[in-house]
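Structure, as structure tokens:
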Amino acid sequence: MDIWKEVGHDAVLKKTIPFQVKGGKLNISFPQIASGQAIISAIAIASTEKKNTFTASSNTLITSTKTIKTWLDTGKPLFRDSQENYVSLPAVLYGAEYLFSEKSEKLYKLALNEIGDIYVGIDSSKALPKTLEAFENTQSYIQSTQKVYRVFKKRVQANTEVALDFNTFEAEALVFALPASSLQPPFDLKTTTTYKAAEAKGIGEGIQKMAFLGKERMSIVKKGQNAIQWTISTGVADTYSLTIKYHNPSSETVYGKLSISLVDGTIIKNKETIALVPTKAGKWNYVSTTTGTMINAGKYHVVLELDQVGELHLDALDVQ
Numbered sequence: 005m006d007i008w009k010e011v012g013h014d015a016v017l018k019k020t021i022p023f024q025v026k027g028g029k030l031n032i033s034f035p036q037i038a039s040g041q042a043i044i045s046a047i048a049i050a051s052t053e054k055k056n057t058f059t060a061s062s063n064t065l066i067t068s069t070k071t072i073k074t075w076l077d078t079g080k081p082l083f084r085d086s087q088e089n090y091v092s093l094p095a096v097l098y099g100a101e102y103l104f105s106e107k108s109e110k111l112y113k114l115a116l117n118e119i120g121d122i123y124v125g126i127d128s129s130k131a132l133p134k135t136l137e138a139f140e141n142t143q144s145y146i147q148s149t150q151k152v153y154r155v156f157k158k159r160v161q162a163n164t165e166v167a168l169d170f171n172t173f174e175a176e177a178l179v180f181a182l183p184a185s186s187l188q189p190p191f192d193l194k195t196t197t198t199y200k201a202a203e204a205k206g207i208g209e210g211i212q213k214m215a216f217l218g219k220e221r222m223s224i225v226k227k228g229q230n231a232i233q234w235t236i237s238t239g240v241a242d243t244y245s246l247t248i249k250y251h252n253p254s255s256e257t258v259y260g261k262l263s264i265s266l267v268d269g270t271i272i273k274n275k276e277t278i279a280l281v282p283t284k285a286g287k288w289n290y291v292s293t294t295t296g297t298m299i300n301a302g303k304y305h306v307v308l309e310l311d312q313v314g315e316l317h318l319d320a321l322d323v324q
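Going by our numbering, the sequence shown opens with residue 5, and the numbers climb by one from there.
Next comes the structure, spelled out in structure tokens:
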């Protein structure tokens, strides 16, 4: 399947594929993905005969004494004794199996009948409980009608009992399971790369490295043709967000001009106005923008011109 070849750029490709299911189970796999940004938006399964119906398999992935539910989706309740419902889920958890219990439940024991991943959601305002120390932070969240839950996961072998003890945890937990998958995580779960201002290039007589709030920063100390230049590297073609962390001690908003270019001087974004609002003493502010368009993998200069600024302290540029 070559989406580009069949429908071109920014177009939807819909394919209907006839097949026969034997034994009540259908496996869909992608053994080779040549493109790094291939997208499957939806998969629908329907019978060619109207008399046929589909029902969920009676064989669950999870083995537990707790109540097991299948096909997790938004709108469903989180607990048996609560009106709290799912509002949004990480893409991977749609259709997952999950344990359905009271909010007061503190001990979960379960096993999976094949190799798979156990996912646990915990209140995002709470510290990580000890029982999840061996779990991986997925950097994703569940939104309910009442709160936000951080999501952690752990790969487990078939028929291996896992005990999750939340007796010392001051909030409820959510437990889900999915069969093991070799698919890579979604591309929008990208890491953020931080470029310290003190390691960037200062341009102009009024900009210099100096200690501020306990660490070395790049600071504007007097007006003039001042600028700071970061050299960033991107590893995949995409649109990137740029977030500048700064401290403006004045009582007025000051303005800079942000430009992005290839290292050979080719302009990607030219002199976008950036507003830097006043900052409370001892605190930092953030201002965000984007590359404005998809850029290729490579090195770029990000330049913030601050000609009319008398005092400003810059800590870092975050690129995601």
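Ideal placement from N, C-alpha and C gives every residue a C-beta, glycine not left out.
Here the alpha carbon of LEU76 sits roughly 10 angstroms from the alpha carbon of LEU103. Closest in alpha carbon position to GLN212, among LYS227, GLU140 and ILE278, is LYS227. Pairing ASN252 with GLU315 gives a Cβ-Cβ distance under 9 angstroms.
Take ALA204, set aside five residues on each side of it, and the residues of its chain with a beta-carbon closer than 7 angstroms to its own are MET222, ILE232, GLN233 and TRP234, in chain order. With a contact defined as Cβ atoms closer than 8 angstroms, PHE180 and LYS110 miss out at about 17 angstroms. Contact annotation, VAL240 with ALA175: C-beta distance approximately 37 angstroms; criterion of less than 8 angstroms not satisfied. Taking SER68 as the centre and dropping the five residues before and after it, the same chain places the C-beta of LEU103, TYR112, LYS113, LEU114 and ALA115 closer than 8 angstroms to its C-beta, in chain order. In this chain, the beta strand (DSSP E) harbouring TRP234 covers 231 to 238. For VAL313, no beta strand (DSSP E) segment is defined, and its DSSP state is neither H nor E. Residue burial is scored here from C-beta neighbours: LYS80 has fewer than 16 other C-beta atoms within 10 angstroms and is therefore classed as exposed.
Under DSSP, THR277 shares a beta bridge with LYS261. Beta bridge pairing from DSSP links ARG84 with no other residue. Note on HIS13: under 16 other CB atoms within 10 angstroms of its CB, so exposed under the neighbour-count rule.
One thing to note: GLN147 has its Cβ within 9 angstroms of the Cβ of VAL91. With contacts defined as CB atoms closer than 9 angstroms, VAL124 and LEU136 qualify as a contacting pair.
In the same chain as ARG159, and ignoring 5 residues on each side of it, the C-beta atoms closer than 6 angstroms to its own belong to ASP121, in chain order.
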